[in-house]
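According to this note's numbering, the sequence shown is numbered sequentially starting from 327. Backbone N, C-alpha and C fix where the C-beta goes; we use that ideal spot for every residue, glycine too. Note that the structure is a prediction, hence the values are computed from the model and not measured.
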Amino acid sequence: MHLRVPRPRSLAGQLFAMQAVLIAVVVVGYALFTYISDRGQAEDAAGRQARAVSLAIADSPSVAAAIGTPDPTARLQPYAVRVMRDTDVDFVTIMDPYGIRWTHPDPAQIGHPFQGHIERAQRGETFTETYTGTLGPSVRAVTPVLDGERVVGLVSAGIKVEEISKRAQEQLTALSGVAAGALLLGAVGTYVINARLRRHTHGMNADELSRMHDYHQAALHAVREGLLMLDGQYRVALINDGGRELLGVSGDVVGASVADLGLPAQLTGALLASEPRVDEVHLAAERVLVVNTSPVSGGERRGTVVTLRDVTELQSLTGELDSERGFTQALRSQAHEAANRLHTVVSLIELGRAEEAVEFATAELELAQALTDQVVAAVGEPVLAALLLGKTAQANERGVELVVARESRLDDGLLPPSLPARDLVTILGNLVDNAVDAAQGSLPSRVTVAAYTEAVAVADGSELVMRVADTGAGVDPAHADLVFQRGFSTKPAGEGGRGLGLALVRQAVRRHGGTLTVTEAEGGGALFEARLPLDGTGGGATGAGGAGLPRSRPEPGGVR
327 MHLRVPRPRS
337 LAGQLFAMQA
347 VLIAVVVVGY
357 ALFTYISDRG
367 QAEDAAGRQA
377 RAVSLAIADS
387 PSVAAAIGTP
397 DPTARLQPYA
407 VRVMRDTDVD
417 FVTIMDPYGI
427 RWTHPDPAQI
437 GHPFQGHIER
447 AQRGETFTET
457 YTGTLGPSVR
467 AVTPVLDGER
477 VVGLVSAGIK
487 VEEISKRAQE
497 QLTALSGVAA
507 GALLLGAVGT
517 YVINARLRRH
527 THGMNADELS
537 RMHDYHQAAL
547 HAVREGLLML
557 DGQYRVALIN
567 DGGRELLGVS
577 GDVVGASVAD
587 LGLPAQLTGA
597 LLASEPRVDE
607 VHLAAERVLV
617 VNTSPVSGGE
627 RRGTVVTLRD
637 VTELQSLTGE
647 LDSERGFTQA
657 LRSQAHEAAN
667 RLHTVVSLIE
677 LGRAEEAVEF
687 ATAELELAQA
697 LTDQVVAAVG
707 EPVLAALLLG
717 KTAQANERGV
727 ELVVARESRL
737 DDGLLPPSLP
747 ARDLVTILGN
757 LVDNAVDAAQ
767 GSLPSRVTVA
777 AYTEAVAVAD
787 GSELVMRVAD
797 TGAGVDPAHA
807 DLVFQRGFST
817 KPAGEGGRGL
827 GLALVRQAVR
837 RHGGTLTVTE
847 AEGGGALFEA
857 RLPLDGTGGG
867 ATGAGGAGLP
877 RSRPEPGGVR
C-alpha cells in the first residue's frame, strides 16, 4: 500500500484561501466593531430616553399635586404605569425625598427603599447611572421633584440592560446578514478571479512556477539557437543570448520594434511578415541564418515566435562541396581527354611512329606540370593553390581561360590564424565562379586572378588583396551595391535560387574587417577587389605585390 503524499495546493487555490480568510476576518471584525459600537450607542440612547422621561414626570404639575396629598401612591401608581406603557421604559419609580417608593412596576415593592444612588438627586441634580436593582441591571436616570428650591420628591425612570441587549442583537442580526452576503459575494468573486488565474497558471503552485521560471531562464541562456519572441505590435518581448549573438544586437532591446534593430531589409521583412516562414535563409551582418517564424495561437494576434539557426559554416561547406563537384566534373572531362590522348599515343606506336608518340606524350605532360608549377610558385598557400588549379581546369571545360597574374605572390604560412582558409575559399571561389559565368560566351573569354599582400599606412601592417577581373558585360554602376545583396542576379534563377554567392563574399569580407568593391576592368568587364587586413602579422608586402604596387587591373600575362 502506497502512501499518497498530497500535492501542494495550486497558486490559485492558495490565493483563494488567503483571500477568503482575509474577507472573513475583515467582515467579522467589522461586524464585531459595529456590534460593540451599536451596544454603546444603545446604552447612550437608553440613558437619554430615561433622563427625558424622568424630567418630564418631575416637571408634571399633577405629580407635584399628588405628592402633597395624604396618599400619593393612590394617584401616582396609575400615572406611573401609564407613562411606562406610553414611553417604552421598563420602570418608573416616584419616591419621597428619602428614597421610599410611592410607585413601582411590582406593587409589592411600594413602601420599600429605592435601590440605587439618590444623593445627587437629593442635592437637586439629575444624573444617569447603570445599577442592578430589583428588576436586574438597568440604565436609569434619577431627578428631583422641586417645589421652588425645596426637594419634595424623587423620580427614577430606567430601561433594563436586557432590553438594551435585545435591541443591539436585532441590529447585529441585520448586520450579520449583510456581512454574510458580503462574505459570499467576496468568495464568489475570489473564486471567479482565481479560476481565471488557475487557467493561466495551469493549476501550478508557487514552487512549480518558480522552478519553471528557473528552468526557463536556464534554457534560454543554454540554447545556442536564437529565440526571439515578438508581441502583437512586432516589438521584442523576449530574446535569448543566442538570438542577440546571431542578430548582432546588444543592449536592452526588449520593447523595441523589429524595424529599429538595424537588421538587413530582407531579414526585417521576414520577421514582420504575418504568415509563417519555414527554413528561410537570410543574411545577417556576419552570419547566414535559417529563420522560422510561427504566430502565437489564441484567437487575436498575440505575437510571433522566431527561431534562428546559424548555418554560416554549413553554407561554407556547401560552397566547398559545389567546388568539389566542379572539380569532379573537370576531372571527368580531363580523364576523357587523357583517354583520347592515350589512344592517340597507342595509335602512333601501332603505326610505327614511336618517336612522334613519345614527343606527343611528353609535350602534354610538360604542359600540365608547367601549369601546376607556375600556380604553386605564384601562390604557395596550399588551399588557394588547390582552389586555383581546380578552378583553372573547371573554367577550361567551360571555354574560359583563367589567368593567374604575374604579381600574384602568397607564400605558405604567410596568412595569420585569424584568417581561416575556409573564408578565403568562400571569397575567392565565389568571385572566380561569378567571373567565369560572366566571361563565358564573350570574346575573348578570360578571367584574371591576382592574390598578393600589400603594405598599408598602419605601421607594420599589411592587407591581403584578391582581385578577379573578367571579360564579360561588366556591372552597371547603378547596380554596384545591389550586386552584393542576396537575391540579386542578372542570370536566370536556377535550382535553389541565385544571388547568394556575392552576398556571402561581402559577409565574409566584413567579418574580417575588410572591404569589397566592384569597378570596370580595363577593356570592359568587371573587376572585383577584396582587401582583408592582416593585423600586422602578414610580414609586409612581398614580391611584385609589395609596397608601391599600383591598384590598376593586373596584367593579363601570367600563369594560364
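query, result
"CA nearest to the CA of residue 387, picked from 478, 608, 427", "478"
"Status (buried if at least 16 other CB within 10 Å, exposed otherwise) for residue 424", "exposed"
"Where residue 379 falls, given that 16 or more other Cβ within 10 Å makes a residue buried", "buried"
"Cα-Cα separation between residue 722 and residue 610, rounded to whole angstroms", "35 Å"
"C-beta atoms of residue 413 and residue 482 nearer than 8 Å", "no"
"DSSP-derived helix/strand/coil call for residue 732", "coil"
"Beta-carbon spacing of residue 778, residue 732 below 8 Å", "no"
"Closest by C-alpha distance to residue 637, when choosing among 843, 408, 607, 400", "607"
"Where residue 827 falls, given that 16 or more other Cβ within 10 Å makes a residue buried", "buried"
"Residue 389 versus residue 402: straight-line alpha-carbon distance, rounded", "7 Å"
"Contact belief for residue 376 with residue 465 at Cβ below 8 Å, rounded distance in angstroms", "6 Å"
"Cβ pair residue 292, residue 441 closer than 8 Å", "This structure leaves residue 292 out entirely; the chain is present only between 327 and 886."
"Opening and closing residue of the beta strand (DSSP E) in which residue 604 lies", "603-609"
"The region 516-536 in contact with the region 599-606 per 3-pair CB rule at 8 Å", "no"
"Cα-Cα separation, residue 370 to residue 405", "26 Å"
"Cβ neighbours of residue 437 in the same chain (closer than 7 Å, five flanking residues each side left out)", "426, 427"
"C-beta atoms of residue 417 and residue 431 nearer than 8 Å", "yes"
"Outcome for residue 569 when other beta-carbon atoms lying within 10 angstroms are tallied against a minimum of 16", "buried"
"Rounded distance between the beta-carbons of residue 573 and residue 552, thought under 8 Å", "7 Å"
"Residue ranges of each alpha helix (DSSP H) within the region 539-621, 4 or longer", "567-573, 591-598"
"Alpha-carbon to alpha-carbon, residue 443 and residue 463", "14 Å"
"First through last residue of the beta strand (DSSP E) which encompasses residue 763", "Segment 747-765 is the alpha helix (DSSP H) holding residue 763; no beta strand (DSSP E) there."
"Contacting residues, own chain, Cβ-Cβ under 7 Å from residue 843 (five flanking each side not counted)", "855"
"Residue 617 versus residue 577 - alpha carbon distance", "22 Å"
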